Amino acid sequence: MGSGLLFPAMATATLVIVFVQAAAGQSEMNMLFYMTDNLTGSSETAFPVAGFNGSSSDPGKFGTLVIINDAITKRPEITKSDTDNLVGRAQGTYINTNPVTGLDFLMLFTIIFQNMEYNGSTLQIQGTETFGRPQREYAVVGGTGKFRFARGHVVCTTESSSGKNAVPRFNITFRTN
Numbered sequence: 001m002g003s004g005l006l007f008p009a010m011a012t013a014t015l016v017i018v019f020v021q022a023a024a025g026q027s028e029m030n031m032l033f034y035m036t037d038n039l040t041g042s043s044e045t046a047f048p049v050a051g052f053n054g055s056s057s058d059p060g061k062f063g064t065l066v067i068i069n070d071a072i073t074k075r076p077e078i079t080k081s082d083t084d085n086l087v088g089r090a091q092g093t094y095i096n097t098n099p100v101t102g103l104d105f106l107m108l109f110t111i112i113f114q115n116m117e118y119n120g121s122t123l124q125i126q127g128t129e130t131f132g133r134p135q136r137e138y139a140v141v142g143g144t145g146k147f148r149f150a151r152g153h154v155v156c157t158t159e160s161s162s163g164k165n166a167v168p169r170f171n172i173t174f175r176t177n
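Those letters in the sequence shown? Residues 1 to 177, by the working numbering.
1. Going by C-alpha distance, which of 58, 174 and 111 is nearest residue 119?
2. Please report the distance separating the alpha-carbon of residue 46 from that of residue 167.
3. Within its chain, find whatever has a CB closer than 7 Å to the CB of residue 144; leave out the 5 residues flanking it on each side and keep chain order.
4. Rounded to the nearest angstrom, how far is the Cβ of residue 113 from that of residue 141, given a contact under 8 Å?
5. Suppose you measure from the CA of residue 42 to the CA of residue 165; what does that come to, to the nearest Å?
6. Around the C-beta of residue 31, are 16 or more other C-beta atoms found within 10 angstroms, so that it is buried, or is it exposed?
7. What's the gap between the Cα of residue 98 and the Cα of residue 64?
8. Which first and last residues belong to the beta strand (DSSP E) in which residue 150 is found?
9. According to DSSP, simplified to helix, strand and coil, what is residue 171?
10. Checking the sheet assignment: what are the DSSP bridge partners for residue 36?
11. For residue 115 and residue 35, I'd like the C-alpha separation in whole angstroms.
12. Distance, Cα to Cα, residue 40 vs residue 126?
13. Alpha carbon to alpha carbon, how far is residue 52 from residue 33? Give it in angstroms, no decimals.
14. Taking 8 Å as the limit between beta carbons, can you name the residues of its chain near residue 132, skipping five residues before and five after?
15. Using the beta-carbon count (16 or more within 10 Å), is residue 73 buried or exposed?
Structure representation (structure tokens):
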């Protein structure tokens, strides 16, 4: 009768060991970046492409879809000659999801690394943002290359803003296998 309990106990112990080993094999990383998001000016990186009832001009209106191709940098300021500052690009979309205030957005984008160390690797980011909040949080939902199977979170604050242009600061913490 006691031997009937031995197999489930051994199977449970084996599962615990496998889970502990899997957790131990993960590495946690923390990265700090800035994203230059310009809706206006000579260096636009964000473009409204569709909106409610066919309008596409105002990201502050419900239903507006904005496509981004923003620079990801080590420092908040960006110049064309400062190639060492560029880490990669954030490519994706944000969509205005609040018909009342126009201040809520669904954020979906991929950080594509272009620097030597992580060149070609990506992190997929998604979440909601309420414009004007001092701190926002997104999820790291995946990755490729050196960041395959990435899972984690992003704490976002605004480093600077001017009109419809902003430089958010991303503190990214994630784990990979």
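Beta carbons are placed, not taken as given, at the ideal position from N, Cα and C, and that holds for glycine.
Computed from a predicted model, the values in this text were never measured in an experiment.
The relevant details are as follows:
1. The candidate whose alpha carbon is nearest that of residue 119 is 111.
2. One C-alpha to the other measures close to 12 Å.
3. Answer for residue 144: 121 and 122, listed in chain order.
4. Actually they do not touch by this definition, with Cβ atoms about 17 Å apart.
5. Residue 42 and residue 165 have their C-alpha atoms roughly 11 Å apart.
6. With 16 or more other Cβ atoms from the protein chains shown falling within 10 Å of its own Cβ, residue 31 counts as buried.
7. Distance from the CA atom of residue 98 to the CA atom of residue 64, rounded to whole angstroms, is 10 Å.
8. Unbroken run through residue 150: none, as it is neither H nor E.
9. The answer is strand: DSSP assigns residue 171 an E or B state.
10. Residue pairing from DSSP places residue 36 in a beta bridge opposite 71.
11. Approximately 15 Å, taken between the alpha carbons.
12. Residue 40 and residue 126: Cα-Cα distance of roughly 24 Å.
13. Distance between the alpha carbons of residue 33 and residue 52 is about 33 Å.
14. Within the same chain, residue 132 has close Cβ partners 103.
15. Residue 73 comes out buried.
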